[in-house]
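To keep things clear, I will list the structure first and then write my remarks on it.
Protein chains in written order, with my numbering: chain A, 1 to 234; chain B, 235 to 508.
The following block contains the structure:
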């Protein structure tokens, strides 16, 4: 109990005395996870939409596979990306191991299946509902997919937020491919892991509270934007 | 609105992506080192002095010694700064390191609960203490992660004539993690644990643990530094890496190491070239 009280004290001191080091760690967390979620959306959303509206052999298998990939363990993703980017690995010549770029790659791999699988589900449900309507209008599948994405955009926003949440909360992958280098690849979650290692549990938990607060603020922002958009477009 | 937001996010994200290579414009080296040097705070004290002097940023990836050497073997580090003499000599002999230099030493200590179930507190002989822990089957938290500290712990069990694996699952508990997490575990279980003094001094979550055995010569913990062999990995930053190695073992680097203290305790004792 005592350490929980201490943790809130530590969190408060961290926020009140927001210093450069914390700002950098928070900034990098946001930079890496937002970049990853944007790339994952650009890749995952078209894949999800395509699977939702197309009918082809092996579709069911692909859906099962995609759903299963939502549960990819971050540590495994981290290890695979590490082995690919390591100097001894196939992409070693790029020299991007232990950089934020490597962390973006790992998180993108981690959340693309989430965005693809969930958007597939939502777009497919909408497709069932509007199937005949869209067909009677003579819409091509591509156009149909675009329309459905636009129609379900608010549900899709929730998926993007879920992807961001997963990316920002993840520690196993970024620890391995980023190396938790102070000032270069140290993000919120790896800092928390480090402080836990040092036995400074209140500071670790305090940082955790800061991270959760940050995620809440971002989600609230998204909710506000959604509300405004709903009012404008009905 | 949603499109605008997405565009804004995209711009933000892409600018973020572009920043990464730009930040790399400053020259830097990557050093694979151990959790003990990082978590004890030595690097935070040592590296800024070097960075200010040379303009070379030192990026430290802190792992167990086994993993750190493996990073060097794969060519993912320019310099390796670790503490397992036998493994380091093999690393150099196998051609992965250029030349090994001794840098400094600190010592290991045995920590344990105040209640002291094995009756070893105040002892000066670590192998004696190990035999008593095994005889009493008192809980012992081991790193179990092939780190330098783990290797040292295992060598001492061996010279005590005990195979701790016989106690596995009962009193001998391998955490498979770094020094800090292992101490967290020991603190929660009131177990004995073998740790480097630096990590112990900077460790906050001690609970009932205190130092029970220290000062035995067998607890001496030597650190070595070496450049990863550019002949094996041509991209190794030979000049910058060697400059760091040379500085750490120079009179100036050695003095900065000696100056690092937590409270009144000096953590590392420089002994390069001796």
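Each residue gets a CB set at the ideal place from its N, CA and C atoms; glycine is no exception.
Where residue i and residue j are concerned, what is the direct C-alpha to C-alpha distance, given to the nearest angstrom?
i	j	result
residue 14 (chain A)	residue 5 (chain A)	14 Å
residue 422 (chain B)	residue 346 (chain B)	11 Å
residue 302 (chain B)	residue 282 (chain B)	22 Å
residue 278 (chain B)	residue 203 (chain A)	18 Å
residue 409 (chain B)	residue 415 (chain B)	8 Å
residue 455 (chain B)	residue 46 (chain A)	56 Å
residue 83 (chain A)	residue 90 (chain A)	8 Å
residue 22 (chain A)	residue 275 (chain B)	18 Å
residue 387 (chain B)	residue 429 (chain B)	9 Å
residue 26 (chain A)	residue 295 (chain B)	20 Å
residue 235 (chain B)	residue 149 (chain A)	With a pLDDT of 46 at residue 235 (chain B), under the threshold of 50, the modelled position of this residue cannot be trusted, and the question is left open.
residue 307 (chain B)	residue 40 (chain A)	33 Å
residue 427 (chain B)	residue 418 (chain B)	10 Å
residue 213 (chain A)	residue 407 (chain B)	37 Å
residue 200 (chain A)	residue 381 (chain B)	22 Å
residue 256 (chain B)	residue 125 (chain A)	Reliability of the predicted coordinates at residue 256 (chain B) is poor, the pLDDT of 44 falling under 50, and no value is obtained from them.
residue 211 (chain A)	residue 481 (chain B)	38 Å
residue 224 (chain A)	residue 155 (chain A)	14 Å
residue 484 (chain B)	residue 180 (chain A)	28 Å
residue 392 (chain B)	residue 436 (chain B)	29 Å
residue 440 (chain B)	residue 20 (chain A)	30 Å
residue 123 (chain A)	residue 37 (chain A)	19 Å
residue 403 (chain B)	residue 169 (chain A)	33 Å
residue 329 (chain B)	residue 477 (chain B)	20 Å
Is it buried or exposed, residue i, if we count other Cβ atoms within 10 angstroms and call 16 or more buried?
i	result
residue 463 (chain B)	buried
residue 369 (chain B)	exposed
residue 460 (chain B)	buried
residue 143 (chain A)	exposed
residue 216 (chain A)	exposed
residue 228 (chain A)	exposed
residue 269 (chain B)	buried
residue 2 (chain A)	exposed
residue 163 (chain A)	buried
residue 136 (chain A)	exposed
residue 12 (chain A)	exposed
residue 18 (chain A)	exposed
residue 364 (chain B)	buried
residue 32 (chain A)	buried
residue 275 (chain A)	Outside the modelled stretch of chain A, which goes from 1 to 234, sits residue 275 (chain A), for which no answer is possible.
residue 177 (chain A)	buried
residue 140 (chain A)	exposed
residue 494 (chain B)	buried
residue 182 (chain A)	buried
residue 507 (chain B)	exposed
residue 450 (chain B)	buried
residue 344 (chain B)	buried
residue 262 (chain B)	buried
residue 230 (chain A)	exposed
Give the residues of chain A in contact with residue i, contact being defined as C-beta atoms less than 7 Å apart.
i	result
residue 310 (chain B)	86, 87 and 97
residue 437 (chain B)	198 and 199
residue 264 (chain B)	98
residue 273 (chain B)	197 and 198
Between residue i and residue j, how many whole angstroms is the CB-CB distance? I'm expecting something under 8 Å.
i	j	result
residue 157 (chain A)	residue 110 (chain A)	With a Cβ gap of about 19 Å, residue 157 (chain A) and residue 110 (chain A) do not count as contacting.
residue 470 (chain B)	residue 341 (chain B)	So it is not a contact: roughly 32 Å between Cβ atoms.
residue 97 (chain A)	residue 85 (chain A)	4 Å
residue 206 (chain A)	residue 7 (chain A)	5 Å
residue 106 (chain A)	residue 171 (chain A)	Not really, about 11 Å apart at Cβ, beyond 8 Å.
residue 511 (chain B)	residue 319 (chain B)	Since the displayed chain B opens at 235 and closes at 508, residue 511 (chain B) lies outside it and no answer follows.
residue 447 (chain B)	residue 350 (chain B)	In fact, because the Cβ distance is near 11 Å, the residues do not count as touching under 8 Å.
residue 504 (chain B)	residue 337 (chain B)	7 Å
residue 113 (chain A)	residue 62 (chain A)	With a Cβ gap of about 11 Å, residue 113 (chain A) and residue 62 (chain A) do not count as contacting.
residue 35 (chain A)	residue 81 (chain A)	The pair is not a contact, with the Cβ atoms about 15 Å apart (cut-off 8 Å).
residue 267 (chain B)	residue 316 (chain B)	6 Å
residue 51 (chain A)	residue 153 (chain A)	Rounded, the Cβ-Cβ distance is 18 Å, inconsistent with contact.
Give the residues of chain A in contact with residue i, contact being defined as C-beta atoms less than 9 Å apart.
i	result
residue 447 (chain B)	Simply none; closest approach about 20 Å.
Applying a beta-carbon distance threshold of less than 7 Å, which residues of chain B neighbour residue i?
i	result
residue 177 (chain A)	Within 7 Å Cβ-Cβ: nothing; residue 177 (chain A) doesn't reach chain B, min ~11 Å.
residue 184 (chain A)	293
residue 181 (chain A)	293, 294 and 295
Which chain A residues are close to residue i, counting only those with a beta carbon under 8 Å from its beta carbon?
i	result
residue 299 (chain B)	By Cβ distance, chain A contributes nothing, its closest Cβ being about 16 Å from residue 299 (chain B), past 8 Å.
With 8 Å set as the bound, which would you pick, yes or no: does the beta-carbon of residue i sit closer than that to a beta-carbon of chain D?
i	result
residue 110 (chain A)	Absent from the structure: chain D. Protein chains present are A and B.
Residues from the region 403-425 of chain B in contact with chain A, defined by Cβ distance under 7 Å: 412, 414, 415, 417 and 418
Members of the region 186-205 of chain A that neighbour chain B once the beta carbon cut-off is set at 8 Å: 194, 196, 197, 198, 199, 200 and 201
Where the region 465-499 of chain B meets chain A: residues whose CB sits under 8 Å from a CB there: 467 and 469
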